[in-house]
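Student: With the UniProt record's numbering applied, the sequence shown corresponds to residues 1 to 92, in that order. Using N, Cα and C, we set each Cβ at its ideal position, and we do this for glycine too. The model shown is predicted, which means the values in this text are computed figures rather than measured ones.
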Amino acid sequence: MRDIVTSCSAGYLCSTPLLDLNYVEDSAGGPDVTVGILAMMDKVTLLQMDAKLPMDTFENVMGLAIEGCKAIANYIREMLLENTKRLECQRG
Numbered sequence: 001m002r003d004i005v006t007s008c009s010a011g012y013l014c015s016t017p018l019l020d021l022n023y024v025e026d027s028a029g030g031p032d033v034t035v036g037i038l039a040m041m042d043k044v045t046l047l048q049m050d051a052k053l054p055m056d057t058f059e060n061v062m063g064l065a066i067e068g069c070k071a072i073a074n075y076i077r078e079m080l081l082e083n084t085k086r087l088e089c090q091r092g
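1. Within 10 angstroms of the Cβ of residue 6, are there 16 or more other Cβ atoms? Answer buried if so, exposed if not.
2. How should residue 15 be labelled, buried or exposed, when 16 other C-beta atoms within 10 angstroms of its C-beta is the threshold for buried?
3. Taking only the alpha-carbon atoms, compute the straight-line gap between residue 85 and residue 31 and give it to the nearest angstrom.
4. Could you have a look at residue 49 and say whether DSSP puts it in helix, strand or coil?
5. My parser needs the beta strand (DSSP E) runs of 3 or more residues fully inside the stretch 21-82; what are they?
6. Alpha carbon to alpha carbon, how far is residue 10 from residue 25?
7. Mind checking residue 75: buried by the 16 CB within 10 Å criterion, or exposed?
8. Determine the direct distance from the alpha carbon of residue 28 to that of residue 38, and round the result to whole angstroms.
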């Protein structure tokens, strides 16, 4: 395994990019983007949009989604390292 694949969604509502929309925000009808990345390689593996967006808005929303993906990947790496150290201590 070379990298961790993570995904995140972001939307655009009331002229504001939002990360990880809840049900109410998603139901409001604004456009949203789902992005999957290989975090360390900075490669997009998934890009899905449900509506058209102006390019500048799209760049902001996609950038936010990528930041969310990287935050998730960092958290996963921390948990993997923590659990690996714990197992190492248990096994001696």
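Tutor: Checking against the coordinates, here is how it stands:
1. buried
2. exposed
3. 42 Å
4. strand
5. 32-38, 43-49
6. 10 Å
7. exposed
8. 30 Å
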